[in-house]
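Trainee: Residue numbers (the working numbering): 340 to 416.
Here a beta-carbon is modelled for each residue, glycine too, at the ideal position from N, C-alpha and C.
Treat the numbers as computed from the prediction; the structure is a model and nothing was measured.
If you scroll down you'll find the structure; I have some questions about it.
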């Protein structure tokens, strides 16, 4: 499967299936996708955001209102 040029957002919640998501994120990234991970706070009880940041080379978003994150939005119309 070739996902080069595709962007995929994974939403991970605090269920037991969260432990399977690193394999999914890794497979998508290996196929060439630009993978972004969003986690609920409860999901971080099963697996840490650092795992996803390492696998995807993108920052893992946990806090919706993180004021220290710089978004790169060129233009919104």
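Based on Cα-Cα distance, which residue from 387, 368, 399, 372 lies nearest to residue 345?
Mentor: Nearest option by C-alpha distance: 372.
Trainee: Looking only at its own chain, which residues have a Cβ that is under 6 Å from the Cβ of residue 400, when we skip the five neighbours before and after it?
Mentor: Answer for residue 400: 377, listed in chain order.
Trainee: Within 10 angstroms of its Cβ, does residue 360 collect 16 or more other Cβ (buried), or is it exposed?
Mentor: Classification of residue 360: buried, given that the 10 Å Cβ count is 16 or more.
Trainee: Sorted by chain position, which residues of the same chain lie with C-beta nearer than 8 Å to residue 390's C-beta, five sequence neighbours on each side aside?
Mentor: Correct list, in chain order: 361.
Trainee: Below 7 Å CB to CB, which residues in the same chain sit around residue 374 once its five sequence neighbours on both sides are set aside?
Mentor: So the list reads 347, 349, 364, 367, 368, 395, 397, once near-sequence residues are dropped.
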